[in-house]
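Engineer: Dropping a structure here in structure tokens format, bear with me for questions.
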DNA sequence: TATTGTTATACTCTATAACTATA
DNA sequence: TATAGTTATAGAGTATAACAATA
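Protein chains in written order, with the numbering used here: chain A, 83 to 237; chain B, 83 to 237.
Written out as structure tokens, the structure reads:
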């Protein structure tokens, strides 16, 4: 949920029709609130949000084509060029030519990039107090549902 | 979850310590995936993501100060000036002077803005098939858990 | 003096279109 | 001809600093 300082908050003006328990609006409200969480996480590690996403989506075990990263980030290839430029200039990743198709450039995560990526992953996995305090059965149930939702790819 | 075209996906390299059910990583993965969902929702209504957030956070029932909107959007006041400029130039909101303190400018949602805001709210409330298919008891339980998390304000 | 909002500036993200070098 | 990536360009979000009006 976004800040409610001075009483400002999102207000719903329409009623849900297939979700009388209000589950979906709550999930959405939560998801949108994580915008700030992600920005802070990345900023703390001197990354922009998109640079953080890029580093997260790259595979530390094997090279990934620029075009694959563009797909993963759901943005244009021209955009990826700039994002990769910045990460490469900091020595976090590197461009490599592909052997068979010389048009393709593969991206590899450097040792330095891997360290930063691991830090990011570690911080991502630290749940906020409210989540850590949940009883295990409640977490287990919610985890099952989220797994089912993510498996659908329909959102 | 971001696109997995050509096999690219986020990989975790660290293990959670206080969340053996994997609840938190799933929740985060879900939250981050909603980035694209929100962008599309706003784009369909000819709004940028931030303009959508601004319209969502404003109160159609009463004027809101620029500074309050800045708090709600968690961004600088100078930033809000530009976002408000664009919404106002489209006739979706309007600036009003405050009576007691003439430094303050209050924002009101116009009739046109209200219609667009309602459309946005209505589309937000349509759950994806995987969510709509959940049994009511499951939804009810999960709604309780999410309410508890959001009430904490600690994320 | 302090606060509200604006302006100026600079950087990042974003897409489109034109370009190159390959295929 | 088609594809992978780059460059040029323009619009939007972002913060910092300096500013005007008001308190």
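Glycine residues also receive a C-beta, built at the ideal position from the N, C-alpha and C atoms.
Residues of the segment 218-232 of chain B with a CB closer than 8 Å to any CB of chain A: list them in chain order, please.
Structural biologist: Under the 8 Å Cβ criterion, the segment 218-232 of chain B contributes 218, 220, 221, 222, 223, 224, 225, 227, 228, 229, 230, 231 and 232.
Engineer: With a 10 Å radius around its C-beta and 16 neighbouring C-beta atoms as the bar for buried, classify residue 111 of chain A as buried or exposed.
Structural biologist: As a working note, residue 111 of chain A is residue 29 in the first chain. Residue 111 of chain A should be labelled buried.
Engineer: How about residue 165 of chain B and residue 136 of chain B: are their beta carbons less than 7 Å apart?
Structural biologist: Here residue 165 of chain B corresponds to residue number 83 of the second chain, with the count starting at 1. Here residue 136 of chain B corresponds to residue number 54 of the second chain, with the count starting at 1. Closer than 7 Å, so yes.
Engineer: Less than 8 Å between the CB atoms is what I'm expecting for residue 202 of chain B and residue 134 of chain B, so what's the real figure, rounded?
Structural biologist: Counted from its first residue, the second chain places residue 202 of chain B at position 120. Counted from its first residue, the second chain places residue 134 of chain B at position 52. With a Cβ gap of about 6 Å, residue 202 of chain B and residue 134 of chain B count as contacting.
Engineer: Do the segment 218-225 of chain B and the segment 215-231 of chain A touch if we need at least three Cβ pairs shorter than 8 Å?
Structural biologist: Judged by Cβ distances under 8 Å, the segment 218-225 of chain B makes contact with the segment 215-231 of chain A, as three or more pairs qualify.
Engineer: Identify each residue in the segment 111-130 of chain A for which the Cβ-Cβ distance to at least one residue of chain B is less than 9 Å, and report them in chain order.
Structural biologist: Against chain B - using a Cβ distance shorter than 9 Å - the residues of the segment 111-130 of chain A are 111, 112, 113, 114, 115, 116, 117, 118, 119, 120 and 121.
Engineer: Taking the CB atoms as reference points, tell me whether residue 304 of chain B and residue 131 of chain B lie closer together than 7 Å.
Structural biologist: Limits of chain B in this structure are 83 at one end and 237 at the other, which puts residue 304 of chain B out of reach.
Engineer: Just list the residues that DSSP pairs residue 177 of chain B with in beta bridges.
Structural biologist: By 1-based counting over the second chain, the position of residue 177 of chain B is 95. Per DSSP, B:189.
Engineer: Quick check on residue 166 of chain B: does DSSP put it in helix, strand or coil?
Structural biologist: Start at 1 with the first residue of the second chain, and residue 166 of chain B comes out as number 84. Helix, per DSSP.
Engineer: Taking 7 Å as the CB-CB limit, is residue 84 of chain B close to chain A?
Structural biologist: Position 2 of the second chain holds residue 84 of chain B. Any reading at residue 84 of chain B must be qualified, since the residue scores a pLDDT of 34, below 50, and its modelled position is unreliable; no value is offered.
Engineer: Tell whether a beta-carbon distance below 7 Å holds between residue 209 of chain B and residue 120 of chain A.
Structural biologist: One-based indexing of the second chain puts residue 209 of chain B at position 127. One-based indexing of the first chain puts residue 120 of chain A at position 38. Cβ distance not < 7 Å, so residue 209 of chain B and residue 120 of chain A don't count as in contact.
Engineer: Give me the chain A residues within the contact set of residue 104 of chain B, using Cβ-Cβ distance strictly less than 7 Å, ordered along the chain.
Structural biologist: The residue you call residue 104 of chain B lines up with position 22 of the second chain. The contacting residues are 225.
Engineer: By the DSSP assignment, the alpha helix (DSSP H) with residue 125 of chain A in it spans what residues?
Structural biologist: Residue numbering aside, residue 125 of chain A sits at position 43 when the first chain is read from its first letter. From DSSP, the alpha helix (DSSP H) with residue 125 of chain A extends over 105-126.
Engineer: Among residues of its own chain, excluding the 5 on either side of residue 172 of chain B, which ones have a beta-carbon nearer than 7 Å to its beta-carbon?
Structural biologist: Working through the second chain from its first residue, we reach residue 172 of chain B at position 90. So no residue of the chain qualifies.
Engineer: Identify every run of the beta strand (DSSP E) within the segment 189-214 of chain A, keeping only runs that are complete inside it and at least 3 residues long; order them along the chain.
Structural biologist: Runs found: none.
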